[in-house]
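Protein chains in written order, with the numbering used here: chain H, 208 to 500; chain C, 208 to 500.
Laid out in structure tokens, this is it:
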């Protein structure tokens with residue numbers, strides 16, 4: 208398996224370190240991205256550069272997609288011809304965050320072409336991608352999952368087979384993002400309240416970060432909420448997109464998601480104020496706006 | 208200090224183990240509660256039993272209150288006469304969860320009587336009280352705090368001086384409960400969504416409990432959300448009360464708290480369905496009701 212060539216489309220902040228992790232694990236990688244700097248970085252790590260998405264997939268058994276959204280997945284596979292270029296019986300691994308129903312629909316088209324789709328979104332962010340420590344939530348028929356598990360294991364620290372149906376991986380990721388987004392907005396709401404009453408924010412974070420009130424987001428983003436212009440680890444607009452996917456999944460499954468809907472509005476408000484590209488901790492600016500601060 | 212007698216009113220699920228912790232640390236304790244079983248338990252641990260709240264406080268330098276709410280604090284101190292019974296210059300330690308403004312108002316009355324008030328709510332629940340491992344968020348002038356710190360240290364594992372003004376401790380606790388309540392409702396919203404799409408709930412909890420989506424509440428209450436009739440560690444109606452205090456604090460400080468307001472409504476809905484005394488994990492029933500399940 209370790210001399211197999213993997214096609215890889217989407218060499219962005221997440222995709223490039225994931226492709227490099229495949230190289231490090233001994234896979235050959237044939238990659239494509241529109242960004243010349245990303246292509247050069249892959250080439251420097253011993254990867255092959257393709258001239259198009261179809262060429263990246265051409266004749267191979269496995270193609271990984273780490274593009275921005277479901278529309279790009281569809282464009283790469285069907286308009287750019289990557290699905291047809293893949294070897295008969297080959298497997299597409301979709302690792303981008305996409306709406307569950309869209310993934311299921313794409314999988315059906317791929318199956319009809321005699322290929323397979325593994326729905327395998329990730330969590331862990333850029334740091335997890337660089338460390339090859341991503342959590343990967345994979346949905347596919349058991350034999351398909353078993354066959355590509357070594358590919359996933361090269362990029363992730365925790366590989367979970369969440370179900371047999373493409374779309375189930377996307378749903379687990381959707382639920383994950385629902386929690387992340389609501390916890391982020393809740394941390395902002397809590398710290399905005401604390402700031403109105405003269406309690407020292409560092410004392411407050413020390414207490415709530417170590418009690419039953421704690422969340423991963425509170426501990427990670429809370430300190431950056433207290434900074435005026437923090438480093439950007441993930442942008443406000445990522446949650447505008449991801450909570451949009453959460454709401455879409457709720458509509459598709461007829462599930463009312465009031466907290467997620469409200470958190471989505473807070474990220475939208477922060478984006479509307481001009482902070483869409485700021486660190487997602489800056490959702491606290493939406494709360495400051497609400498209270499006229 | 209260790210032979211000092213501490214007055215203690217409110218020997219409930221939290222108060223009794225706290226009073227026993229004071230005994231264990233070497234303090235004498237003179238306690239009062241309306242419940243005969245609680246009085247007997249304190250007596251068995253070598254405490255003295257008072258016939259009234261005023262008698263519990265009579266002539267002492269420190270009185271601890273662990274009653275249900277601010278109305279009971281006022282009744283004990285002013286109607287039952289415990290404040291007047293306390294030694295001149297004595298200190299009342301209010302450890303119940305109360306609205307910040309109510310605590311500040313009570314403190315002003317106590318000061319006017321020549322006594323002091325330490326605003327010292329706790330987190331850590333019954334388990335923390337039994338282990339003498341509570342987090343205690345104390346607000347009082349520095350010398351007053353320093354004088355009673357050994358009393359707090361007998362009951363808590365983490366004692367934080369959050370500020371000089373009574374009401375600031377209650378505000379830290381309020382912010383803590385805002386986060387706890389929103390995180391509980393968010394966990395319910397997430398697991399209710401997952402259950403609609405056939406993803407195994409245990410697999411889901413394994414992933415989100417170990418990712419950036421995690422919260423203390425998700426990890427602790429999530430498994431009990433999947434049970435039909437779990438053990439009650441803390442009731443739905445406790446969060447109806449505590450999120451009510453959060454909303455009151457928001458009104459008093461003119462802070463809009465949309466997520467907390469919504470979470471409050473979900474706990475109210477679960478209570479309205481007849482689950483007020485059920486484990487607070489059963490806020491998930493409000494979500495099942497929303498989706499007709």
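Each residue gets a CB set at the ideal place from its N, CA and C atoms; glycine is no exception.
Q: Report the rounded CA-to-CA distance for residue 363(C) versus residue 269(C), giving the unit in angstroms.
A: 17 Å
Q. Mind checking whether residue 418(H) and residue 394(H) have CB atoms under 8 Å apart?
A. no
Q) Is the Cβ-Cβ distance between residue 385(H) and residue 334(H) less than 8 Å? A) no
Q) Between the segment 324-331 of chain C and the segment 343-361 of chain C, do three or more beta carbon pairs fall short of 8 Å? A) yes
Q: Tell me whether residue 413(H) sits in a helix, a strand or coil according to DSSP, three-state version.
A: helix
Q. So, helix, strand or coil for residue 381(H), using DSSP?
A. helix
Q. What residues in the segment 354-373 of chain C bring their beta carbon closer than 9 Å to a beta carbon of chain H?
A. 365, 367, 368, 369, 370 and 372
Q | chain H within 8 Å of residue 454(C), Cβ atoms only | A | no
Q.
Which complete beta strand (DSSP E) runs does the segment 313-352 of chain C hold, if anything under 3 residues is left out?
A. 323-326 and 341-346
Q. What are the boundary residues of the alpha helix (DSSP H) that residue 425(H) is part of?
A. 423-432
Q. What do you reckon, are the CB atoms on residue 408(C) and residue 433(C) nearer than 8 Å?
A. yes
Q: Give the single residue among 472(H), 388(H) and 454(H) whose Cα lies nearest to the Cα of residue 307(H).
A: 454(H)
Q: Determine the DSSP secondary structure at residue 209(C), reduced to helix, strand or coil.
A: Note on residue 209(C): pLDDT 47, under 50, position unreliable in the model; the coordinate value appears next. It is coil, neither helix nor strand.
**Q.** Helix, strand or coil at residue 484(H) according to DSSP, with G and I counted as helix
**A.** coil
Q | C-beta neighbour in chain C for residue 311(H), strict 8 Å | A | no
**Q.** Buried versus exposed, by CB contacts within 10 Å (16 or more), residue 241(C)
**A.** exposed
Q.
One question on the structure: do residue 228(H) and residue 361(H) come within less than 8 Å of each other, judged by their Cβ atoms?
A. yes
Q. What does DSSP give as the partner residues of residue 270(H) in its beta bridges?
A. 214(H) and 299(H)
Q) Do residue 471(H) and residue 443(H) have their C-beta atoms within less than 8 Å of each other? A) no
Q) Which residues in chain H sit within 8 Å of residue 413(C), going by Cβ to Cβ distance? A) 367
Q) In three-state terms, what does DSSP make of residue 518(C)? A) One cannot answer for residue 518(C) here, as it falls past the ends of chain C, which runs 208 to 500.
Q.
Give me the subset of the segment 388-403 of chain H whose CB atoms are less than 7 Å from a CB atom of chain C, sorted by chain position.
A. 389, 390, 392, 393, 396, 397, 399, 400, 401 and 403
(Q) In the DSSP output, what is residue 365(C) paired with across the bridge? (A) 342(C)
Q: With DSSP as the reference, please indicate the residues paired to residue 235(C) in a beta bridge.
A: 212(C)
Q | Local conformation of residue 460(C) per DSSP, three classes | A | helix
Q: Measure the CB-CB distance between residue 303(H) and residue 273(H) and report whether it falls below 8 Å.
A: yes
Q. Using 8 Å as the limit for Cβ to Cβ distance, is residue 440(C) near chain H?
A. no
**Q.** Under 8 Å (Cβ pairs) to chain H, residues found in the segment 375-388 of chain C
**A.** 375, 378, 379, 381, 382, 383, 384, 385, 386 and 387
(Q) Can you pull the chain C neighbours of residue 405(H), defined as C-beta to C-beta under 9 Å? (A) 370, 372, 375 and 378
Q.
In whole angstroms, give me the CA-to-CA distance for residue 209(H) and residue 410(C).
A. Reliability fails at residue 209(H), whose pLDDT of 47 lies under 50, so the model's placement of it is uncertain and the value that follows must be treated cautiously. Whole-angstrom Cα-Cα distance: 29 Å.
Q: Starting from the beta carbon of residue 457(H), find every residue of chain C whose beta carbon is closer than 7 Å, and list them in chain order.
A: 400
Q) Mind pulling the chain C residues with CB within less than 7 Å of residue 410(H)? A) 367 and 369
**Q.** Separation of residue 441(H) from residue 495(H), as counted between CA atoms
**A.** 20 Å
Q) Using a Cβ-Cβ distance under 8 Å, would residue 303(C) count as near chain H? A) no
Q: For residue 461(H), decide whether its Cβ has a neighbour in chain C, counting only Cβ atoms nearer than 8 Å.
A: yes
Q) How should residue 405(C) be labelled, buried or exposed, when 16 other C-beta atoms within 10 angstroms of its C-beta is the threshold for buried? A) exposed
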